[in-house]
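Peer 1: My structure is below; once you've seen it, I'll send some questions.
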Amino acid sequence: MTVEIRVQAVKPLRNTFGHIARRFGDKAASRYQEGTYDIQSEVNHHYKPLWDQERDLYDKRRTAVEMRDWYALKDPRQYYYGSWTIARAKQQDAVDRQMEFAEKRELLRSLPEAARKAIVFALVPLRHFEWGANTNMCMVSAYGWGTAVTQAASMATMDRLGMAQHISRLGLLVDGNLGDSLVQAKNYWTDHSDWQPLRREVENLMACRDWFEVILAQTLIADSLVYALFFNHFDSKFSAENGPGLSTVLDFLTRWHDESNKWVDAVVKPVVAESESNRAQLQAWADHWRTAFLSALSPIAQGIMGPIGRDTLAEINTKLGTRLVKLGLQDHGVAL
Amino acid sequence: MSHSTQPVFIALQANNDTMPIVEAILADNPLAIAHEYPAMVKIDAPGRLVVKRESVEERLGREFDLRELQVNLISLSGSLDETEDEFILQWNAA
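Residue numbers (the numbering used here), protein chains in the order written: chain A, 425 to 760; chain B, 30 to 123.
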C-alpha cells in the first residue's frame, strides 16, 4: 500500500482589509499598514463638540496646514502599539542596567560636590521641559488628523513621560534617593533667572492651538536645541572635567532623540513638499520658534557652559539651520 | 572566476517579519522569482541571489542585522558568502 501525502494549499480570497487593499492593492499588508492607514474616523460625527462648535469632533481644520492625504506622514520606524512597546521594553531593560551600574559604582554620588550641584542645576530641571513636551504631544494626538501622525504622537507622549522619569532618576542617583535634588530642580525651573526664559517658551507653546505648529515647534525646533545643548555639549564639557560617569546615564536620551528625529523629519518633509502655502506657513513657524527658543536658551547656555555658552549655542543653531534646509525650508539666520 | 547559472534559492517562513525581507530580495534581484507556499516563501534565482542589509532596513524602518535572517530561515541552496552588508548565495563554477 502506498500513502501519498499531498499538500492542500488554500488560497485566501482576500489578503487584507478592504480599506488597505484600496490603498495598496490586495496583497499581504504589514501590521503597521493595517494598524495605521485610514483608521481615522471621518464621518458620522453625530454631535458638534461643545468646546469648538465651529468644527467637528475630528476636523482637518484644526491646523493651517493642508494636505490632500494626511497619511503621507508615515512613521519610518513603523511603530504600531505592539512594535513600539516591544522596542521600548528592550530599551528599558538596557537603561535599567546602565542605571544599576551607575548606582552600584556610585558614578554620580561619588562626584565632588560642585559637580553634583552642576548636574542638579543643569539637567534635573529638564524633567519639567519633558513634561511640557508630554503635554504638547498630548495636544497633537488629541486634535491632530490622521492616524499616521496621531498614533506616533501618542507614543511620543509616553516617550516624553519616560524621559522625565529618566531625568528624575538621574537626580536620585545624585542625591542618594533622598529626592532633595528634585525639589531643588523644581525651584530652579520656577524661580532661577537662567531658567525662566525657557520655561516661558515651553508654556507659550502649551498655549498654541494649531497642532501642527506644536509638533514642529516642540520636536523639530525646541528638542533639537535643548537635546544638543544639554545632553551633548554640556555632557562633553562635564565629562572633560569629571570623567564619563554622567555620559553613561545620558546615552539613552541621545539615542532616543536620534530615533525620534527620523520620525520628525518624515512628518515635516512631506508637508513642506505638498504646497507652497504649507512651505511658507512652516517657514514662518520655524523662524518664529527658532528665534524664541534660541533667545530663551541663551542665559541657561551661559549658566551651564560659562564663557563658551554663546558659541555653543551658535554651533547648535547652525546645525538646526542645515537640518531645516534638508527638509526643504530655508535657513534664515538668527542673530544670537 | 566565472559564475554558474544553476538555480540558487532561499526559503523563508511567510510571516510579518519576513515580508520586508522578501520585498527587498525581489527588488534587488530582478531575476528572482518568489513562490508562495503555505507558511513559506521560496525564492529562486539563476546563479546568484543577494540579500542587502540596506534594502531590508529601508523597508523595515530600523537597523537590521543580516544574522536575523536565521530566525525565519527554512532552507537555502548555493554557497554562501556573508558580510555585514550582504548575504550572497551563488554557485562558484569549478
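Just so it is clear, CB atoms sit at the ideal spot from N, CA and C, and this is done for glycine as well.
(1) With a threshold of 7 Å between beta-carbons, can A:Pro500 be considered close to chain B, or not?
(2) Looking only at C-alpha atoms, which of B:Lys71, B:Gly76 and B:Met48 sits nearest to B:Ser84?
(3) CA-CA distance, A:Tyr505 and B:Asp46?
(4) Can you find the residues in the same chain that come closer than 6 Å, C-beta to C-beta, to A:Phe658, ignoring five residues on each side of it along the sequence?
(5) Show which residues of chain A have a CB atom less than 7 Å away from the CB atom of B:Pro67.
(6) Just to confirm the assignment, what range does the alpha helix (DSSP H) spanning A:Pro621 have?
(7) Under a CB-based cut-off of 7 Å, is A:Ser454 close to chain B?
(8) Need the endpoints of the alpha helix (DSSP H) that B:Ile54 sits in, please.
(9) Return the residue from the list A:Arg486, A:Arg512 and A:Leu550 that minimises the CA-CA distance to A:Met563.
(10) A:Arg540 and A:Val598: beta carbons closer than 7 Å?
(11) In the DSSP assignment, find the unbroken alpha helix (DSSP H) run with A:Phe448 in it and report its ends.
(12) Counting only the same chain and skipping the five closest in sequence on each side, list residues whose C-beta sits under 6 Å from that of B:Ser104.
(13) May I have the straight-line CA-CA distance separating A:Lys472 from A:Gln642, to the nearest angstrom?
(14) Short of 6 Å in beta carbon distance, which residues of its chain neighbour B:Thr34, apart from the five on each side in sequence? Order them along the chain.
(15) Closer than 7 Å by beta-carbon distance: list the chain A residues that pair up with B:Gly90, in chain order.
(16) Can you tell which of B:Arg96, B:Asp94, B:Thr112 and B:Leu102 has the C-alpha that lies nearest to the C-alpha of B:Ile72?
(17) Is A:Lys472 helix, strand or coil when you go by DSSP?
(18) Pop quiz: A:Gln502 and B:Gly90 are said to be a contact at Cβ under 8 Å. What is the actual Cβ separation, rounded to whole angstroms?
(19) Which residues of the stretch 40 to 60 of chain B have a Cβ closer than 9 Å to any Cβ of chain A? Give them in chain order.
(20) Using the beta-carbon count (16 or more within 10 Å), is A:Ala513 buried or exposed?
Peer 2: With the structure as the only source:
(1) When Cβ-Cβ separations below 7 Å define contact, A:Pro500 makes contact with chain B.
(2) For B:Ser84, the closest alpha carbon among the candidates B:Lys71, B:Gly76 and B:Met48 is that of B:Met48.
(3) Approximately 16 Å between the Cα atoms of the pair.
(4) Cβ within range, chain order: Ala546 and Ile728.
(5) Correct list: Val431 and Ala433.
(6) That run of the alpha helix (DSSP H) goes Gln620 to Met630.
(7) By this cut-off, A:Ser454 is an interface position.
(8) Taken as a continuous stretch (DSSP letters only), the alpha helix (DSSP H) holding B:Ile54 covers Met48 to Asp57.
(9) Of the residues A:Arg486, A:Arg512 and A:Leu550, the one whose Cα lies closest to the Cα of A:Met563 is A:Arg486.
(10) Against a cut-off of 7 Å, the Cβ pair of A:Val598 and A:Arg540 comes out as a contact.
(11) Following the DSSP letters along the chain, one finds A:Phe448 inside the alpha helix (DSSP H) bounded by residues Gly442 to Phe448.
(12) Cβ neighbours of B:Ser104 beyond the five flanking positions: Ala40.
(13) Each residue's Cα considered, the two are about 29 Å apart.
(14) The residues Pro75 and Gly76, in chain order, have a CB closer than 6 Å to that of B:Thr34 in the same chain once the five nearest residues on each side in sequence are set aside.
(15) Listed along chain A, the residues sitting closer than 7 Å to B:Gly90 by beta-carbon distance are Pro500, Arg501 and Gln502.
(16) Between B:Ile72 and the set B:Arg96, B:Asp94, B:Thr112 and B:Leu102, the nearest pair of CA atoms involves B:Leu102.
(17) In the structure shown, A:Lys472 adopts coil according to DSSP, grouped into three states.
(18) Rounded, the Cβ-Cβ distance is 4 Å, consistent with contact.
(19) The residues in question are Ala43, Asn45, Met48 and Pro49.
(20) Answer is exposed; the Cβ neighbour count stays below 16.
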